[in-house]
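This report concerns only the one structure given below.
Number of protein chains: 2
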Amino acid sequence: MGKIAFEQNQHPKQKPDQSKLGFGKHFTDHMFIMDYTDGKGWHDARIVPYAPIALEPSSMVFHYGQAVFEGLKAYKTSDNEILLFRPDKNMERLNKSNDRLSIPAIDEEFMIEAIKELVRVDADWIPVEEGTSLYIRPFIIATEPFLGVHASHNYMFIVILSPVGAYYAEGIQPVKINVESHYVRAVRGGMGSAKTAGNYAASLRAQVEAQESGYSQVLWLDGIEKKYIEEVGSMNVFFKVNGEVLTPELNGSILDGVTRNSIIALLKSWNVPVVERRVSIEELFEAHANGTLEEAFGTGTAAVISPIGELNWDDKNIVINEGNIGELSQRLYDTVTGIQRGTLADTLGWTVKVEK
Amino acid sequence: MGKIAFEQNQHPKQKPDQSKLGFGKHFTDHMFIMDYTDGKGWHDARIVPYAPIALEPSSMVFHYGQAVFEGLKAYKTSDNEILLFRPDKNMERLNKSNDRLSIPAIDEEFMIEAIKELVRVDADWIPVEEGTSLYIRPFIIATEPFLGVHASHNYMFIVILSPVGAYYAEGIQPVKINVESHYVRAVRGGMGSAKTAGNYAASLRAQVEAQESGYSQVLWLDGIEKKYIEEVGSMNVFFKVNGEVLTPELNGSILDGVTRNSIIALLKSWNVPVVERRVSIEELFEAHANGTLEEAFGTGTAAVISPIGELNWDDKNIVINEGNIGELSQRLYDTVTGIQRGTLADTLGWTVKVEK
Ligand SMILES: Cc1ncc(COP(=O)(O)O)c(C=O)c1O
Ligand SMILES: Cc1ncc(COP(=O)(O)O)c(C=O)c1O
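Just so you know, the protein sequences line up as chains A and B, in that order.
Following UniProt numbering, the numbering of the first sequence begins with 1 at its first residue and continues without gaps.
Following UniProt numbering, the numbering of the second sequence begins with 1 at its first residue and continues without gaps.
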């Protein structure tokens, strides 16, 4: 591995209007690439102009979905410093995903250095307007040109960068969510705790149907009993019931979210009771019925905190906190984004500076 | 859609030695491609030189695994005719996979014509030695350059061809199979009945572990109770118990195999009792204990019939039919391959001729 080669993009693009970024539509001028070859390991780390990649049509990723990814963000502070939020957590999780998918491990420290280097190269692309950031997408794909199911002998590790605004068109506005009782995303013994392409493919159909009925996301139930809450499309979920914050425990079929982990740590530091356990959908609907379901929100890198304003479960529909963002949700959002942007003290040591 | 454009490969490759083909390693001189754009539908059908394809690194297939595929074969008969085996079944299944993955449907008739045309163009690549054939791999990948989980607005449909020998190194020799009791491949409500990339990604880890213990494949159990037999890596399974042939019913989490369907039809035409129902692994081990488990085999396009010589389930191990191919398994193999190669009468109307 060692040094990172660099090839400057001679044709930089025009940067998009910061007030109309959307999410995941624009990409910067460079990308990081590194190859894996059996026997040789990861090699040829390089930063090159952002461009299409050429792959054999028989590349295993197209056929057998051996692919993992991560998502994290870089922020520019008011004094022009660049901060990453807990990149060590993302690289640790990437290696867990690699392990589940039989993809060779990466060197976590080196990858953080590579990400920093790439962010430095494209630093001018980091937007500064309220609610914006630079989304970082590391991903690994199986590239061996072979038909037949086995773990690939070749891979590409790529990092691309996208200046982003809000993930949901609604922004911090509460979202309407449908509880899915037919389709299943992941099950115990499956690959639900890995950040791998197939889990998202498995979610599409339910997502399409939910949107057709006016919901922006799906809340998944466990695949065995269809009773216990798992997570939302790309967020973990939290519910404040009678002063206590509940979130599904890490059971092997949901993602160990970095935002989830941070929210739990913050709540503990504030002495707000927070419990990780199995949470049934029935329990939540009962809590709503007796007036103790106070707040509900999703957590994830893209949206940070996304309040849940409405939950639909078969023919039952509940509105949470009159469809408004809750007080605790707002405080969590303000605190996490404040730490991420360097406007609040980073008491938990989460941000990592990208030196100039 | 309409006409298929054609660009001849000016640099044809040397053809591989027919006695050393292996499976899925060699590709012919041309491929078929067709694009999908929202609003425009499938368009620009073309046969072009086989070559790498250039994709944006943000193409959705790399991140969210929205991809489906098929697998079928072309055979050259002793009088130089080219036969496809039940291509209508594959195209029908492809559209079922498309539906589950929220990918737009394809025109099945047109695709059979396109496959025929491609096979005609590369007809010289069809091997003729015993046990060889031309494997046909149609696949669809999501190509929209976008980060964020939704159904893609752009796709590519590609067909590639590979001259192949035996799928298993063992050939028609019985294989040793491990019954997987920890990992799960697919579950009711998931995407197990679709031929989609993520299902194979989900199977890799167990496959790697089985191979390390000396088994060539994994036999999956249901994801809910871990009691009922599902299928093998890329084959459906059959068990002959006390004169009756049992195979797991189509329960939504296994693939509706074309070979499975053909085997059931053949057995019925021979008046051999065949039953599709839930089959527990315990039942099979009991049948073995009382001497009624007579034969076991997997079925799939790649291997056609693959006898199971040994089954391992946790710490229990059984040898079936003394590790030899059973009489019925052999008869089924001979009949199906005979029909496929045109040496036996195609009484069930399964083969489709590729006119010159
Ligand atoms: C399935 C899923 N759950 C939860 C999350 C939240 O994880 P994180 O907070 O690390 O972004 C994500 C993604 O980002 C996800 O894809
Ligand atoms: C998971 C799985 N099951 C069964 C089969 C057998 O299906 P077919 O007979 O159509 O080839 C295949 C593949 O080919 C498969 O991938």
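C-beta: ideal position from N, C-alpha, C; glycine also.
Spell out a yes or no on whether the region 145 to 161 of chain A and the region 286 to 294 of chain A are touching, meaning 3 or more CB-CB pairs, one atom from each, closer than 8 Å. no
Contact between the region 294 to 302 of chain B and the region 252 to 263 of chain B: three or more CB pairs below 8 Å? yes
Measuring alpha carbon to alpha carbon, tell me which of A:Ala114, A:Val61 and A:Gln207 ends up nearest His43 (chain A). A:Ala114
In the DSSP assignment, the alpha helix (DSSP H) including Asn90 (chain A) goes from what residue to what residue? Pro87 to Arg100
Start and end of the beta strand (DSSP E) containing Asp44 (chain A)? Gly41 to Pro49
Just checking, does the region 81 to 98 of chain B make contact with the region 18 to 32 of chain B on the three C-beta pairs under 8 Å criterion? no
Cβ of Phe85 (chain B) within 8 Å of any chain A Cβ: no
Does Leu344 (chain A) get closer than 8 Å to chain B when you measure Cβ to Cβ? no
Does DSSP put Ile305 (chain A) in a helix, a strand or coil? strand
Proximity test, Arg137 (chain A) beta-carbon vs ligand 4 heavy atom, cut-off 7 Å: As for ligand 4, it is missing from this structure, which binds only ligand 1 and ligand 2.
From A:Glu109, A:Glu249, A:Ser193 and A:Phe69, residue whose alpha carbon lies closest to that of Tyr135 (chain A): A:Phe69
Neighbour flag for Glu56 (chain B) against chain A, beta carbons, 8 Å: yes
Let me know if Val319 (chain B) comes out buried or exposed under the rule of 16 or more other beta-carbons within 10 Å of its beta-carbon. exposed
Can you list, in chain order, the residues of its chain with a C-beta nearer than 7 Å to that of Pro174 (chain B)? Leave out the 5 residues immediately preceding and following it. Pro307, Ile308, Gly309, Gly323, Asn324 and Ile325
Heavy atom of ligand 2 less than 7 Å from the Cβ of Leu94 (chain B), yes or no? no
Buried or exposed for Phe146 (chain B), going by 16 or more other Cβ atoms inside 10 Å? buried
What span of residues does the beta strand (DSSP E) with Gly338 (chain B) cover, start to end? Careful: Gly338 (chain B) lies outside any beta strand (DSSP E), inside the alpha helix (DSSP H) at Glu327 to Gln340.
If we call anything under 8 Å between Cβ atoms a contact, is Asn178 (chain A) one with Val218 (chain A)? yes
Over what stretch of residues does the beta strand (DSSP E) that includes Glu231 (chain B) continue unbroken? Ile229 to Val232
With 16 other CB atoms within 10 Å as the buried threshold, where does Ala105 (chain A) fall? exposed
When the Cα atoms are used, what is the spatial distance from Val237 (chain A) to Leu246 (chain A)? 9 Å
If we cut at 8 Å on Cβ distances, does Arg46 (chain A) have a partner in chain B? no
Element boundaries [beta strand (DSSP E), containing Arg137 (chain A)]: Ser133 to Ala142
Quick check: what's the CA-CA separation for Ile281 (chain A) versus Thr335 (chain B)? 53 Å
Pick from B:Leu204, B:Gly223, B:Ala45 and B:Lys76 that is closest to Gly338 (chain B), judged by C-alpha positions: B:Lys76
Write down the C-beta distance between Ala54 (chain A) and Pro52 (chain B) rounded to the nearest angstrom, noting that I regard them as a contact closer than 8 Å. 4 Å
With Phe297 (chain B) and Ser329 (chain B) assumed to form a contact (beta carbons below 8 Å), what rounded beta-carbon distance in angstroms separates them? 5 Å
For Val128 (chain B), which residues in the same chain have their Cβ closer than 6 Å to its Cβ, ignoring the five residues on either side in sequence? Lys76
Please go through the same chain and pick out, in chain order, the residues whose beta-carbon is closer than 8 Å to the beta-carbon of Leu266 (chain A), but skip the five residues on each side of it. Leu332, Thr335, Val336 and Leu348
List, in chain order, every chain B residue whose beta-carbon is nearer than 8 Å to that of Ser234 (chain A). Val149
Rounded to whole angstroms, what is the Cα-Cα separation between residue 425 (chain B) and Val352 (chain B)? The question about residue 425 (chain B) has no answer, for chain B in this structure spans 1 to 356.
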